[in-house]
Amino acid sequence: MSQECCDHSKEVEKVKKVLICDETLYDVAELFKAFADTTRIKIIAVLKEEELCVGAISELINVSQSAVSHQLRVLKNSKIVKPRRVGKQMFYSLDDEHIKKIYDMGLEHIIKG
12 MSQECCDHSK EVEKVKKVLI CDETLYDVAE LFKAFADTTR IKIIAVLKEE ELCVGAISEL
72 INVSQSAVSH QLRVLKNSKI VKPRRVGKQM FYSLDDEHIK KIYDMGLEHI IKG
């Protein structure tokens, strides 16, 4: 049994012109991996509202400070959160508006379908 295939050469050439390099796609996949943890999503949710220290984040999401610190390190390495030092205290906030948009779009996708 033979399979018929349509002529898609025009479409293939069009898409080839705009394809993003594998290295960039790898980086995008790594970014989404950083979102793939419930604790990290909770941290993003609270930091979307306010810049906070580890203790406040820990209290809000009901996770130990050491676990929060570990997850913040992952988020910082992925450029999702950024730290700010005030004396001996570290405060964390979302890195930029793109992170808020990614979170909001994901939430909207789940809630509204």
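Residue numbers (our numbering): 12 to 124. Yeah, the Cβ is synthetic: ideal placement off N, Cα and C, and Gly gets one too. Since the model is a prediction, treat every value here as computed from it, not as a measurement.
query: Taking C-alpha atoms, which residue in Q76, R84, L42 and I121 lies nearest to H109?; result: L42
query: How big is the Cα-Cα spacing for G66 and K27?; result: 49 Å
query: Could you tell me the alpha carbon to alpha carbon distance between K93 and E34, rounded to whole angstroms?; result: 24 Å
query: Ignore the nearest five residues each way along the sequence and tell me which others in V23's own chain have a CB closer than 8 Å to its CB.; result: none
query: Given that a residue counts as buried once 16 or more other Cβ atoms are within 10 Å of its Cβ, and exposed if not, what is A47?; result: exposed
query: Determine the closest residue to S77 out of D107, I91, L105 and T50, with distance taken between C-alpha atoms.; result: T50
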